[in-house]
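Q: Mind having a look at this structure? Questions to follow.
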Amino acid sequence: MKILVCVKQVPDMESKFKLDKNNKWFSEEDLAFRMNEYDEYAVEQAVQLKEQTGDAEVVVVSLGPERAKEAVKKALAMGCDRAVHIKDGDYYKKDSYSVAKNIYEYVKDENFDIAFTGLQSQDRGSAQVGVLLAEFLDYPCITTIIEFEYKDSEIQVKRELEGGEKAVVKVKPPVVLTCQLGLNTPRYPTLPNIMKAKKKEIKAVEPLDTENLLTFTDIDYPEKKGAAEILEGDVNELVEKTLDILKQKTSVLK
Amino acid sequence: MKLLLVAEYKSKKFLESNYELIAFADKLKADYVMFGVGDETDLPKCEGKIYLADSEKAGEYNPSLHKKLIAEVMEKEKADFIVLPHTSYGWDLAPRLSAELAFPQVTEVVDVDDDNFILPACNGKLWRKVSTGGKGIITIQGGAFNPENDYEGTPEVINLEVPSVESKIQFEGYEKAEAVGVDLTKAEIIVSAGRGVGKKENVENVRKLAEALGGELGASRPVVDSEWVEHSHQVGTTGQTVAPKLYVACGISGAIQHLAGMKKSDFILAVNTDKDAPIAEVADVLVVADVNQFAPALAEKISSK
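Protein chains in written order, with the numbering used here: chain A, 931 to 1184; chain B, 163 to 467.
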C-alpha cells in the first residue's frame, strides 16, 4: 500500500502578526513556525495505518519555502518514509487551486491508495487543497474525518458534522481523506526516530507554473468593531475591578 | 450580478441558516436562484426560483451527485457566483465545484468590500481581501450576514431529474451526539476553559471559578480535543450554541467557530494574556491576566463573601 500525506508549515497561531511591507501577507520576521495542526493528525493516521498493514510506504509532500523542510523532517521523524519538498518561496502568492495542481503534478504517477491531508491550514483556512487534489486525481474524497478504521481493504470513517453529530461513511481505496482535529493523538517524534529521519530522502523539486484563479489584493488587521473594556494591573486589583463590573452590569452576583 | 445559492437541507428540512445566503445576496444587491436537495413541503420563504432535487432519490450524502446537479443548474442559469454556507456541507462541496467549473473559490467570507471578498486568516488575527474576477464559489461564515427582515413569499419550484450517479462513497447513516452530560443551552452562567489554561490540571482553576459563580463549566475545542474536558462541555459550532447571562472565557483566544457558539451571551468576560486576541471583538470586558492566577483569586474572593 502506498500512502500520501500532505503537510504545510504555518506560524504558531499564538504569535503577534505583523504585515509584510507590501500588505500582501504577514511578515515572517520573529515568527515561530510549526507543522499545521490539522496535518499532524493526517501524519499520525498515515503512520498508524502503515503500522497496521505492515507493508505500506508513506510519502510526505509539502509546498513551501526552505523553512518548510522542518515540518517535512518532523513528519519523517513521526514515521513517514520519504518526502517531496516543492520548494516555493512564493508559496503565499499561489491560490489553493494552484497549490493543489502543483501537488497533483508531483504525485499523480505515484498511484497512491490513500492520501491524508489536514482539513484546512491554520493560516489560510481555505479547506480546499485536499478536495481539489482528489478531484484532479479523480479519487473520491471524504472531508472532516474524526474517526478512521481500515479493515479487509475497506475504510470506514466518521465525518464530523455540526452540533456533535457524525456521518458514518464507507469507501474503498483509492481515496483522499481530510483530517479534523481530534482524529487521533499525534505522537511526538522520539530522539532515535529523529536520528533515523536524518537518513530519509527529502527530494527537493521546483514549483510548477500553475494557474491562479484568485487574486490576493491585500491583508490587514480586522476592523475593530468590539469595544471591550480592557483591564490591566496586578491580580488583586483586577479581581476587585472585575467584581465591581459584574455587580453593576450583570444580575449574576447577588 | 446573479448568484446561485446552495441551500443546505438536513433530513428533508430546509435549514434556517440558509436565510443568511439570501442576506448575502441582498448585501451584494444581486439576483439569485436557489438549489437544494429537499422536499417540496418544506420550502424557504422567498421569491424567485428554486431548483429542487428530491431528497428520496438524491440521498443524504452524495457530493458527486450534488456537484453534477449544481453544474446542470449553472448551465441553465449562468450565475456569476455559487454561494454555500461554510459548514461541513458547504466546505465539502465548494472545492468540488471549483474543480468542475474552474471557478476560483473563496472560503469563509465574513464581509464584502466593493468587488473584493474579505476572509479571516491566522485564526481571525488578520483579514485578507481577495478578488475573483467576477465569478467564483463562495462559502460564507455563519452569522456574518444576518437577515435583517423576515423573508416572505413562495419560490417557484423547478424539479430536477435526479440521474443515477455512481458514488464510490457509501453513506451508512448519522450518529447523533452522545447523550449530553450537561445542557449548557439552559445555563445562566458558563465559565469556559481554553488552551490558555496550559495543561489539564489547570482546568480545575476554571472549574472552581464556575462553582464559585454557580455556573457550568464550558470548554473550547482544543481543550476537548486534548481530552482535558469532555465533549459535552464544548461550546462552538461543533459543540453547543449558548447564550447565558454571563459567559467567562478563560484563556480562549477566540477562534471563529468558538465565537459563533457564544457571542449572543448577555455579558462576556474574557481573561487572556493577549489583549489583541480576537475574543476582544465580542467581549464586554477583557482582563489581561494569566488565567491560572486570576481565576483562583476571583473564585476565592467570591466564595469568601
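Positions of the beta carbon are idealized from the N, C-alpha and C atoms, including for glycine.
As the structure is a prediction and not an experimental result, all values here were calculated from the model.
State buried or exposed for residue 1092 of chain A, treating a residue as buried only when at least 16 other CB atoms are found within 10 Å of its CB.
A: Counted from its first residue, the first sequence places residue 1092 of chain A at position 162. Buried: at least 16 other Cβ atoms inside 10 Å.
Q: For residue 1100 of chain A, which beta-bridge partners are listed by DSSP?
A: Locating residue 1100 of chain A in the first sequence gives position 170, where the first residue counts as 1. Residue 1100 of chain A pairs with A/1086, B/332.
Q: Starting from residue 333 of chain B, find everything on chain A with Cβ-Cβ shorter than 9 Å and list it in chain order.
A: Translated into positions along the second sequence, residue 333 of chain B becomes position 171. Simply 1097, 1098, 1099, 1100.
Q: Can a CB atom of chain A be found closer than 8 Å to the CB of residue 463 of chain B?
A: Position 301 of the second sequence, counting from 1, holds the residue named residue 463 of chain B. Yes, because at least one Cβ of chain A sits closer than 8 Å to the Cβ of residue 463 of chain B.
Q: With a threshold of 8 Å between beta carbons, is residue 1070 of chain A in contact with chain B?
A: Within the first sequence, residue 1070 of chain A is the residue found at index 140, counting from 1. Yes, because at least one Cβ of chain B sits closer than 8 Å to the Cβ of residue 1070 of chain A.
Q: Name the one or two DSSP bridge partners that residue 258 of chain B has.
A: In the second sequence, counting from the first residue as 1, residue 258 of chain B sits at position 96. Beta-bridge pairing links residue 258 of chain B to no other residue.
Q: State the beta-bridge partners of residue 290 of chain B as determined by DSSP.
A: The residue given as residue 290 of chain B occupies position 128 in the second sequence. DSSP output for residue 290 of chain B lists A/1149, B/281 as bridge partner(s).
Q: Looking at residue 109 of chain B: is its Cβ nearer than 8 Å to the Cβ of residue 202 of chain B?
A: Chain B is shown from 163 up to 467; residue 109 of chain B falls before or after that span and cannot be answered.
Q: Curious, which full-length beta strand (DSSP E) runs of at least 3 residues does the region 357–424 of chain B contain?
A: Listed in chain order, the complete beta strand (DSSP E) runs (minimum 3 residues) inside the region 357–424 of chain B are 378–381, 408–412.
Q: Between residue 998 of chain A and chain B, is the shortest Cβ-Cβ distance under 8 Å, so that the two count as touching?
A: Translated into the one-based positions of the first sequence, residue 998 of chain A becomes position 68. For residue 998 of chain A, the answer is no, since every Cβ of chain B falls outside 8 Å of its Cβ.
Q: So residue 257 of chain B and residue 270 of chain B are in contact, right, with Cβ under 8 Å, and what is the actual spacing, rounded?
A: The sequence position of residue 257 of chain B within the second sequence is 95, counting from 1. The sequence position of residue 270 of chain B within the second sequence is 108, counting from 1. No, residue 257 of chain B and residue 270 of chain B are not in contact; Cβ-Cβ is about 13 Å, not under 8 Å.
Q: In whole angstroms, give me the CA-to-CA distance for residue 266 of chain B and residue 191 of chain B.
A: The residue you call residue 266 of chain B lines up with position 104 of the second sequence. The residue you call residue 191 of chain B lines up with position 29 of the second sequence. Approximately 21 Å between the Cα atoms of the pair.
Q: Roughly how many angstroms lie between the CA atoms of residue 352 of chain B and residue 423 of chain B, to the nearest whole one?
A: In the second sequence, residue 352 of chain B corresponds to position 190, counting from 1. In the second sequence, residue 423 of chain B corresponds to position 261, counting from 1. Rounded to whole angstroms, residue 352 of chain B to residue 423 of chain B spans 12 Å at the Cα level.
Q: With C-beta atoms as the reference, is residue 1033 of chain A less than 8 Å away from residue 979 of chain A?
A: Within the first sequence, the letter at position 103 stands for residue 1033 of chain A. Within the first sequence, the letter at position 49 stands for residue 979 of chain A. No, the Cβ-Cβ distance between residue 1033 of chain A and residue 979 of chain A is not below 8 Å.
Q: Can you round the beta-carbon distance between residue 246 of chain B and residue 168 of chain B to whole angstroms, since I take them to be within the 8 Å contact cut?
A: To locate residue 246 of chain B, count along the second sequence from 1; it is residue 84. To locate residue 168 of chain B, count along the second sequence from 1; it is residue 6. That belief holds up - the Cβ atoms of residue 246 of chain B and residue 168 of chain B are roughly 4 Å apart, short of 8 Å.
Q: Taking only heavy atoms of the ligand MN into account, decide whether any of them is closer than 7 Å to the Cβ of residue 315 of chain B.
A: Judged by which ligands are present, the structure shown has none, so any question about the ligand MN falls away.
Q: Chain A beta carbons: is any one of them nearer than 8 Å to that of residue 346 of chain B?
A: What you label residue 346 of chain B is simply residue 184 of the second sequence in a count that begins at 1. Not one chain A Cβ lies under 8 Å of residue 346 of chain B.
Q: Quick one: which chain B residues come within Cβ less than 7 Å of residue 1057 of chain A?
A: Here residue 1057 of chain A corresponds to residue number 127 of the first sequence, with the count starting at 1. Chain B residues near residue 1057 of chain A: 253, 269.
Q: Take residue 437 of chain B and list the residues in its own chain whose beta-carbon comes closer than 7 Å to its own, dropping the five residues that flank it on each side.
A: Numbered from 1 along the second sequence, position 275 holds the residue referred to as residue 437 of chain B. 448, 450.
Q: Quick check on the DSSP output: the beta strand (DSSP E) that includes residue 211 of chain B runs from which residue to which?
A: In the second sequence, residue 211 of chain B corresponds to position 49, counting from 1. Per DSSP, residue 211 of chain B belongs to the beta strand (DSSP E) from 211–216.
Q: Which one of B/264, B/216, B/455, B/317 has the shortest CA to CA distance from residue 194 of chain B?
A: Against the second sequence, residue 194 of chain B aligns to sequence position 32. Cα-wise, what sits closest to residue 194 of chain B is B/317.
Q: What does residue 1041 of chain A touch in chain B if you count any residue whose Cβ is under 8 Å from its own?
A: Your numbering for residue 1041 of chain A matches position 111 in the first sequence. Simply none; closest approach about 16 Å.
Q: By how many angstroms is the C-alpha of residue 1009 of chain A removed from the C-alpha of residue 1130 of chain A?
A: In the first sequence, residue 1130 of chain A corresponds to position 200, counting from 1. In the first sequence, residue 1009 of chain A corresponds to position 79, counting from 1. Residue 1130 of chain A and residue 1009 of chain A: Cα-Cα distance of roughly 10 Å.
Q: Have a look at residue 1050 of chain A and residue 298 of chain B and give me their C-alpha separation to the nearest angstrom.
A: By 1-based counting over the first sequence, the position of residue 1050 of chain A is 120. By 1-based counting over the second sequence, the position of residue 298 of chain B is 136. Each residue's alpha carbon lies about 19 Å from the other.
Q: Can you list, in chain order, the residues of its chain with a C-beta nearer than 7 Å to that of residue 943 of chain A? Leave out the 5 residues immediately preceding and following it.
A: Your numbering for residue 943 of chain A matches position 13 in the first sequence. Within the same chain, residue 943 of chain A has close Cβ partners 1052.
Q: When you compare only the Cα positions, how much space is there between residue 1054 of chain A and residue 313 of chain B?
A: In the first sequence, residue 1054 of chain A corresponds to position 124, counting from 1. In the second sequence, residue 313 of chain B corresponds to position 151, counting from 1. So the alpha carbons of these two residues sit roughly 34 Å apart.
Q: Closest by CA to residue 1001 of chain A, which one among A/1132, A/959, A/984, A/1181?
A: As a first step, residue 1001 of chain A must be located in the first sequence, where it is residue number 71. When each option's Cα is compared against that of residue 1001 of chain A, the closest is A/1132.
Q: Between residue 1041 of chain A and the rest of its own chain, which residues show a CB-CB distance below 7 Å, the 5 nearest in sequence each way excluded?
A: As a working note, residue 1041 of chain A is residue 111 in the first sequence. Cβ within range, chain order: 932.
Q: Report the rounded CA-to-CA distance for residue 960 of chain A versus residue 939 of chain A, giving the unit in angstroms.
A: As a first step, residue 960 of chain A must be located in the first sequence, where it is residue number 30. As a first step, residue 939 of chain A must be located in the first sequence, where it is residue number 9. Approximately 15 Å, taken between the alpha carbons.
Q: Taking the Cβ atom as the reference point for each residue, do residue 166 of chain B and residue 302 of chain B lie within a distance shorter than 8 Å?
A: Within the second sequence, residue 166 of chain B is the residue found at index 4, counting from 1. Within the second sequence, residue 302 of chain B is the residue found at index 140, counting from 1. Going by C-beta atoms, residue 166 of chain B is not nearer than 8 Å to residue 302 of chain B.
Q: For residue 1181 of chain A, go through chain B and note every residue whose CB falls closer than 7 Å to its CB, in chain order.
A: Taking the first sequence and counting its residues from 1, one reaches residue 1181 of chain A at position 251. Under the 7 Å cutoff, chain B gives 407.
Q: Using DSSP bridges, identify the partner residues of residue 1091 of chain A.
A: Sequence index remark: in the first sequence, residue 1091 of chain A carries index 161 (1-based). Bridge partners of residue 1091 of chain A: none, in fact.
Q: Tell me which residues share the same chain as residue 333 of chain B and place their Cβ nearer than 8 Å to its Cβ, disregarding the 5 neighbours each side in the sequence.
A: As a first step, residue 333 of chain B is located in the second sequence; it is residue number 171 there, counting from the start. Hits under 8 Å: 221, 222, 223, 224.
Q: Take the Cβ of residue 294 of chain B as the centre, count every other Cβ of all protein chains shown within 10 Å, and call the residue buried at 16 or more, exposed below.
A: Here residue 294 of chain B refers to the residue found at position 132 of the second sequence. It is buried - the Cβ of residue 294 of chain B has at least 16 other Cβ atoms within 10 Å.
Q: Between residue 994 of chain A and residue 1020 of chain A, which are expected to be in contact by the criterion C-beta below 8 Å, what is the C-beta distance as a whole number of angstroms?
A: The residue labelled residue 994 of chain A in the question sits at position 64 within the first sequence. The residue labelled residue 1020 of chain A in the question sits at position 90 within the first sequence. Contact flag wrong, Cβ pair sits at about 10 Å.
Q: Under 6 Å Cβ to Cβ from residue 1047 of chain A, same chain only, skipping five residues before and after it: list those, please.
A: The residue labelled residue 1047 of chain A in the question sits at position 117 within the first sequence. The answer, listed in chain order, is 936, 972, 1060, 1108.
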